[in-house]
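Note that full-length UniProt numbering gives residue 143 to position 143 of the sequence shown, counting from 1, and the numbers run on in steps of one. Idealized CB from N, CA, C, for every residue including glycine. The structure appears below as structure tokens.
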Amino acid sequence: MENDGYRALLFAGPGRAYLQSRNGADLSGAFPEITAAGRALREPLVLDGELVVASEGRLDFGQLQQRAWRHGAGARQAARTTPAHLIVFDVLDTADGPLLDEPYRARRALLEALFAEGVLAAPFVLCPATTDRAMAEDWLDPAWGAAGIEGVVVKGLSQRYQPARRGWIKVRARASAEAVVASVTGRVTAPSTLLLGRYDQAGRLRFIARTSPLSATARREVGGLLYPGGAEHPWQHRRFAVGWGSREMIDHRPVAPDVVVEFAGDSAVDEGRYRHPVRYLRVRDDLSRCFSTAGGPGP
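Written as structure tokens, this is what we have:
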């Protein structure tokens with residue numbers, strides 16, 4: 001399974017622990033409950049996993065982000081009120097030496113043994129894994145997405161661990177939804193990407209997602225229906241980030257919010273906004289009038 005969290009490495013052992021993000025940032029101070037558990041281990045280990053925070057029956061990425069910025073007394077308080085867990089999916093080193101060249105099946109067997117023997121316990125959680133295709137496909141059901149499960153990661157049983165290389169295949173759980181095309185990048189008549197919105201209860205048009213680049217066919221299909229937005233367009237002077245957490249802004253062109261499209265997005269949604277690009281599927285002519293006057297359902 002792939003979870004809605006932060007990828008992290010834990011270097012741990014008796015009396016020592018260091019928690020590192022995928023980008024090399026030190027997360028040790030932000031998650032003291034994880035490092036404390038690492039220092040309490042009776043043998044040295046290097047673990048690869050996903051930091052998560054659960055809230056109201058699902059994984060909560062927003063709460064996790066808030067945790068990542070806290071240190072000192074604030075981090076210790078947060079560890080008590082919104083505790084994190086490390087969902088472990090690989091073991092890279094033990095007291096007997098590094099395991100990077102061992103096949104994944106051997107590393108997985110060792111990891112399962114560490115949990116079965118009680119070497120690893122809460123706040124560490126064993127990541128579910130299967131060789132059953134039907135079960136893996138079940139994990140892609142949108143119902144799992146509602147709980148914060150983003151999809152599955154496909155690994156070869158004979159694969160060695162390759163640091164800083166993408167040797168695994170991610171398959172995200174996706175569900176379709178609808179939204180208004182409110183702005184575009186590129187030319188209005190042949191847009192490169194679409195900026196999508198939905199009306200809230202107060203009638204305000206809220207940005208919810210940006211599509212991945214459109215195919216040539218989709219550019220013609222959508223572009224032929226769009227018109228530039230006027231001076232009264234609510235996004236005429238709005239700025240949107242290129243990506244989640246990015247400071248770079250999108251150069252976009254507002255369009256009349258009259259066209260509704262169907263798109264496929266994953267389960268990573270925070271406050272109504274998709275963190276990852278969504279995939280354009282088709283124009284929904286049957287919904288345009290409904291969405292442009294009354295809004296539509298939230299994700």
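For residue i, name the three-state secondary structure that DSSP assigns.
{"i": "F115", "result": "helix"}
{"i": "D101", "result": "coil"}
{"i": "V188", "result": "coil"}
{"i": "Q20", "result": "strand"}
{"i": "D90", "result": "strand"}
{"i": "P83", "result": "coil"}
{"i": "E271", "result": "coil"}
{"i": "R108", "result": "helix"}
{"i": "D285", "result": "coil"}
{"i": "D138", "result": "helix"}
{"i": "A182", "result": "strand"}
{"i": "A8", "result": "strand"}
{"i": "R198", "result": "strand"}
{"i": "A121", "result": "coil"}
{"i": "G13", "result": "strand"}
{"i": "A30", "result": "coil"}
{"i": "R160", "result": "coil"}
{"i": "A25", "result": "coil"}
{"i": "P297", "result": "Since pLDDT at P297 reaches only 42, below the 50 mark, its modelled position is unreliable, and the value read off the structure follows with that caveat. If DSSP states are grouped into helix, strand and coil, P297 belongs with coil."}
{"i": "R76", "result": "helix"}
{"i": "A68", "result": "helix"}
{"i": "R279", "result": "strand"}
Keeping to the same chain, check which residues put their C-beta closer than 6 Å to that of residue i; ignore five residues upstream and five downstream.
{"i": "E262", "result": "S176, E178, L281, R282 and R284"}
{"i": "P234", "result": "L205"}
{"i": "V242", "result": "E248 and I250"}
{"i": "G38", "result": "L10, A12 and A17"}
{"i": "A79", "result": "P32 and E33"}
{"i": "Q20", "result": "L9"}
{"i": "A73", "result": "none"}
Quick one, which of the options has its alpha-carbon nearest residue i's?
{"i": "V222", "options": "A264, V255, G24 and R16", "result": "V255"}
{"i": "G203", "options": "P257, R133 and E248", "result": "P257"}
{"i": "R275", "options": "A17, W168, D60 and R108", "result": "D60"}
{"i": "Q77", "options": "D90, A216 and E33", "result": "E33"}
{"i": "H71", "options": "T35, D90 and F89", "result": "T35"}
{"i": "R42", "options": "G229, L157 and G118", "result": "G118"}
{"i": "R253", "options": "Q236, V269, G265 and S267", "result": "Q236"}
{"i": "T185", "options": "K155, Q162 and R219", "result": "R219"}
{"i": "L24", "options": "Y6, D200 and A40", "result": "Here residue 24 turns out to be Gly, not Leu, going by the sequence shown. Nearest of Y6, D200 and A40 to G24, Cα basis: Y6."}
{"i": "S158", "options": "L140, R107, S215 and E50", "result": "R107"}
{"i": "L9", "options": "R187, Q65 and H85", "result": "H85"}
{"i": "A129", "options": "K155, S267, D48 and P228", "result": "K155"}
{"i": "R105", "options": "Q20, R160, V53 and W168", "result": "R160"}
{"i": "G57", "options": "T189, Q201, E50 and T82", "result": "T82"}
{"i": "D101", "options": "D4, M135 and P163", "result": "P163"}
{"i": "A136", "options": "L126, I149, V125 and F124", "result": "I149"}
{"i": "V52", "options": "P103, R238, T189 and L126", "result": "L126"}
{"i": "W190", "options": "R174, D141 and A216", "result": "The sequence shown places Ala at residue 190, not Trp. Ranking R174, D141 and A216 by Cα distance to A190 puts A216 first."}
{"i": "Q65", "options": "R133, D4 and R198", "result": "D4"}
Apart from the five residues on each side of it in sequence, which residues of its chain come closer than 8 Å, Cβ to Cβ, to residue i?
{"i": "W69", "result": "A30"}
{"i": "A75", "result": "G29, A30, F31, P32 and R67"}
{"i": "L196", "result": "A179, V180, V181, A182, F207, I208, A209, R210, T211, V261, F263 and V278"}
{"i": "P213", "result": "S192 and T193"}
{"i": "S55", "result": "Q63 and T82"}
{"i": "T293", "result": "Note that T293 scores 44 on pLDDT, short of 50, meaning its location in the model is unreliable and no value can be drawn from it."}
{"i": "residue 303", "result": "Because the chain spans 1 through 299 in this model, residue 303 falls outside it and cannot be assessed."}
Tell me, to the nearest whole angstrom, how far the beta carbon of residue i is from that of residue j; I am working on the premise that it is less than 8 Å.
{"i": "V46", "j": "L120", "result": "With 8 Å as the limit, V46 and L120 do not qualify as a contact, their Cβ atoms being about 13 Å apart."}
{"i": "P44", "j": "A95", "result": "5 Å"}
{"i": "D90", "j": "L111", "result": "7 Å"}
{"i": "residue 339", "j": "G265", "result": "In the structure displayed, the chain extends from 1 to 299; residue 339 sits before or after that span and is not available."}
Leaving out five residues before and five after residue i in sequence, what residues of the same chain have Cβ atoms less than 7 Å from its Cβ?
{"i": "D270", "result": "F61 and G62"}
{"i": "P123", "result": "E33, I34, A37, P83, A84, H85 and L86"}
{"i": "L225", "result": "V259 and V283"}
Quick check for students: name the residue ranges of the beta strand (DSSP E) that lie wholly in the stretch 233-266, counting only runs of 3 or more.
Fully enclosed beta strand (DSSP E) runs of 3 or longer: 260-265.
Within the stretch 36-66, ranges of the alpha helix (DSSP H) (whole runs, at least 4 residues): You should have found no qualifying run.
Curious, which full-length alpha helix (DSSP H) runs of at least 4 residues does the stretch 202-229 contain?
If we require 4 residues or more, the alpha helix (DSSP H) runs fully inside the stretch 202-229 come out as 216-223.
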